[in-house]
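Chains as they are written, first to last, in our numbering: chain L, 12 to 180; chain E, 12 to 180.
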């Protein structure tokens, strides 16, 4: 087992799920006859980031976290999206980048010393992934989900989890 | 590396953080002179579970997930809490159970076939942990956080992450 399994497949699947939530959000806006951009500007508290920023940060958390623990330089994706179509393209761009990673890229990632953003400290790759990257990714993903649910979009747990690797009992 | 590092330390730390959020929620209720139980009954959508259930499910997700992937039988913790004091005790009970796990308990957990609740299917321990247990744990934790934020409790990212294993640069 490597940190690859703990990260890349989940990042990719969950971001794909997120794109599908946006599809439901768009259909909901059409039914209710409002501009879906209203949802992108929605937030759960006045001092909380709106949906569009939650999506951008979820994308960057996966992109930059994967790059950091594998010792790569991540491409910069500027936060200039304003429409549903643009934010969908951002998710797709992130998915394309994530698809470039292989399990081999994560060899030695557990003990790689990585620069932790903002804090100006170092952390071991494994600690960084488990303590910061994954919790941050799920935080922004779930906050995006919560904003959509709060605004009436019909989402459920199956939409959150997406497809699962199961075997017959 | 074993699945232990991917799960138990984070479960324990994040549930400890959750207990601290409730401390802030209680102080906020005192300042604003309302019953903190109002927060426990709050939700972000009429068809979403309230805060107290989000906490109970986060606890059970950690407890039952850890038991399943290690082939143990988890104790049952009935969902009968109604007060802040009771839900704090529930978190503490979960933390005490999580503290019984050692890294050795997770030997072979990656390929252990576990029964997936509700779905009536099997999944490999590693897939179950990464695809269901961890995403579910963070989902309910973040939803609890979002309910508190939505209701005005002063929480930030540092409250979410808690203490980090960092090294000087």
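For every residue, glycine included, the Cβ atom is placed at its ideal position computed from N, Cα and C. Being a predicted model, the structure only gives us computed values, none of them experimental.
Chain-ordered, the chain L residues with CB closer than 7 Å to the CB of residue 132/E read 177, 178, 179 and 180.
Using a 10 angstroms sphere on the CB of residue 91/E, the tally of other CB atoms stays under 16, which defines it as exposed. Residues of the stretch 44-69 of chain E with a C-beta atom less than 8 Å from some C-beta of chain L are 55, 56 and 59, listed in chain order. Residue 133/E holds the alpha-carbon nearest to the alpha-carbon of residue 179/L among 142/E, 133/E and 41/E. Residue-level contact check: residue 41/L does not touch chain E, since none of the beta carbons of chain E fall below 8 Å from its beta carbon. By the neighbour-count criterion, in which a residue is buried when 16 or more other Cβ atoms sit within 10 angstroms of its Cβ, residue 51/L is buried.
Taking a beta-carbon distance threshold of 8 Å, residue 138/L counts as an interface residue toward chain E. If you look at residue 38/L, you'll find it in the alpha helix (DSSP H) that goes 14-43. Counting along the chain, the unbroken beta strand (DSSP E) around residue 135/L starts and ends at 132-135.
Following the DSSP letters along the chain, one finds residue 125/L inside the beta strand (DSSP E) bounded by residues 124-127. The residue among 15/L, 70/L and 162/L with its C-alpha nearest the C-alpha of residue 49/L is 162/L.
With a cutoff of 8 Å on beta-carbon distance, residue 150/E and residue 153/L are scored as near each other. Between residue 33/L and the set 121/L, 157/L, 127/L and 85/L, the nearest pair of CA atoms involves 157/L.
Neighbours of residue 108/L in chain E, taken as residues whose beta carbon is under 8 Å from its own, are absent, since the nearest beta carbon is some 20 Å off. Taking 8 Å as the cut-off, the Cβ atoms of residue 139/E and residue 127/E count as close. The count of Cβ pairs closer than 8 Å, one atom from the stretch 106-124 of chain L and one from the stretch 33-43 of chain L, stays below three, leaving the stretches out of contact. Residue contact with chain E for residue 92/L: absent (no Cβ-Cβ distance below 8 Å to any residue of chain E). Residues of chain E with a Cβ closer than 9 Å to the Cβ of residue 15/L do not exist; the shortest Cβ-Cβ separation is about 11 Å. When Cβ-Cβ separations below 8 Å define contact, residue 97/L makes no contact with chain E.
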